[in-house]
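Q: For reference, the structure I am asking about is given below.
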Amino acid sequence: GAVVSQHPSRVICKSGTSVKIECRSLDFQATTMFWYRQFPKQSLMLMATSNEGSKATYEQGVEKDKFLINHASLTLSTLTVTSAHPEDSSFYICSAEKRTGWNEQFFGPGTRLTVL
Amino acid sequence: GIQVEQSPPDLILQEGANSTLRCNFSDSVNNLQWFHQNPWGQLINLFYIPSGTKQNGRLSATTVATERYSLLYISSSQTTDSGVYFCAVITGANSKLTFGKGITLSVRP
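Top line first, the protein sequences correspond to chains A and B. Mapping of the first sequence onto this note's numbering: position 99 corresponds to residue 106, and the numbering continues sequentially without gaps. Mapping of the second sequence onto this note's numbering: position 46 corresponds to residue 50, and the numbering continues sequentially without gaps.
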């Protein structure tokens, strides 16, 4: 199997607070994980690539100080939205790359963030 | 960067009908995946298919890499097939997926 979990599935927070989202590969090791953001009725937008034991690589236009990524182990990556504002409200999805000779990605169920 | 175009953008089917979803891409690819995003937002892997043809139950997919397109076939559609279907590709040495805009499928009972 290739199961990826995310926690929490839904979070509501006040403006100015920080929120941490966890992404775990449950039955395989993932040296590389990815974080995406999806707005309503739109496609997925890659935010950053997270590599175990090294700094994340951010896509152009994504603030690295606002979206902190930590990939501390082969099965866990975290995304922290710092000093959240209403415009950060979105659906955040992670994926983990399973290296089986080809680079297939498996996705978590997503986290819906609402900033009041 | 590579362009990924999916068509049609929206599709409405009567239960039991067949359909073909198309994905065109502008450059050669190392990886192509089809996903189904269900109404709760979960992306479900349908096919890993950089080339050739694969079948899984009522679904099948064909990628013609030399002509830069992939097709997803859904036969005998069911209401549970409703949702958004995404095609995504990887080019070059990195593992970053580039997604199309998706095809919204509604299957009516």
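Quick reminder that beta carbons are idealized off the backbone N, C-alpha and C, glycines included.
Spell out a yes or no on whether the segment 6 to 26 of chain B and the segment 80 to 89 of chain B are touching, meaning 3 or more CB-CB pairs, one atom from each, closer than 8 angstroms.
A: yes
Q: Counting only Cβ-Cβ distances shorter than 7 angstroms, please list the residues of the segment 41 to 67 of chain A near chain B, keeping chain order.
A: Ser50, Leu51, Leu53, Thr56
Q: Report the rounded CA-to-CA distance for Ile100 of chain A versus Lys62 of chain A, giving the unit in angstroms.
A: Cα to Cα, Ile100 of chain A sits roughly 19 angstroms from Lys62 of chain A.
Q: Taking Gly87 of chain B as the reference, which of B:Asn42, B:Glu9, B:Tyr52 has the closest Cα?
A: B:Asn42
Q: For the beta strand (DSSP E) that contains Asn60 of chain B, what are its first and last residues?
A: Membership of Asn60 of chain B in the beta strand (DSSP E) is indicated by the continuous run 56 to 60.
Q: So, helix, strand or coil for Ala69 of chain B, using DSSP?
A: helix
Q: Of all the CB atoms in chain A, is at least one closer than 9 angstroms to the CB of Gly106 of chain B?
A: Judged by the 9 angstroms Cβ criterion, Gly106 of chain B is in contact with chain A.
Q: Quick one: which residues of the segment 87 to 107 of chain B get their C-beta closer than 9 angstroms to a C-beta of chain A? List them in chain order.
A: Answer set for the segment 87 to 107 of chain B: Val88, Phe90, Ala92, Ile94, Asn98, Ser99, Lys100, Leu101, Thr102, Phe103, Gly104, Lys105, Gly106.
Q: Just curious, the beta strand (DSSP E) that Gly87 of chain B is in, first and last residue?
A: Its beta strand (DSSP E) spans residues 87 to 94.
Q: Within this structure, are the beta carbons of Val122 of chain A and Ile19 of chain A separated by less than 9 angstroms?
A: yes
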